[in-house]
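Numbering (this note's numbering), first residue to last: 474 to 578.
Virtual Cβ for every residue (Gly too), placed ideally from N, Cα, C.
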Amino acid sequence: MTRSSLAAQEVVPMTMTRQDTDALRAFESLADPRASVRLRAALAVGTAPDPHFAERLVERSAVEPEFFVRDMLTWALTRHPVAATLPPLVREVDSKLPQARSQAL
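Here it is, written out as structure tokens:
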């Protein structure tokens, strides 16, 4: 394989567990166009919290159009360590987006 073809492929560490893979897949599903899929994804991300996802959960909360998905995203954030969630939430308080500010509070 050439170097350029490797860059185009997804690289998954060999030490990644099935739970890690499921959490990553669930996190990626937060961008699905179907609200029901996003709701299940938010539940999955909160069920297996990973501090690396906290900032992106806050970002998703700022733009999520469906109330029940936003509610589940909020629950998922409460399952993560405060050290991972507080800094991005504080930054969102100064956002220009009203929904971002509202969700951060």
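{"Asked": "Label F500 either buried or exposed according to how many other C-beta atoms from any shown protein chain fall within 10 Å of its C-beta, with 16 as the threshold for buried.", "Found": "buried"}
{"Asked": "From S534 to E528, what distance separates their C-alpha atoms?", "Found": "10 angstroms"}
{"Asked": "Nearest-angstrom Cα distance between V536 and K569?", "Found": "12 angstroms"}
{"Asked": "What is the rounded straight-line gap between the Cα of A521 and the Cα of S509?", "Found": "19 angstroms"}
{"Asked": "In angstroms with no decimal places, state the Cα-to-Cα distance between T558 and A517.", "Found": "17 angstroms"}
{"Asked": "Helix, strand or coil for R511, going by three-state DSSP, please let me know.", "Found": "helix"}
{"Asked": "Could you tell me how far apart the beta carbons of R511 and E532 are, in whole angstroms, since I believe they sit closer than 8 angstroms?", "Found": "So it is not a contact: roughly 14 angstroms between Cβ atoms."}
{"Asked": "Applying the 10 Å Cβ sphere with the 16-neighbour rule, what's the burial state of L562?", "Found": "buried"}
{"Asked": "Let me confirm a value: V555 is counted as buried when at least 16 other C-beta atoms fall within 10 Å, else exposed. Which label applies?", "Found": "exposed"}
{"Asked": "DSSP state of V485, grouped into three classes?", "Found": "Residue confidence is low: V485 scores 49 on pLDDT, short of 50, so the model does not pin down where it sits. No coordinate-derived value is stated."}
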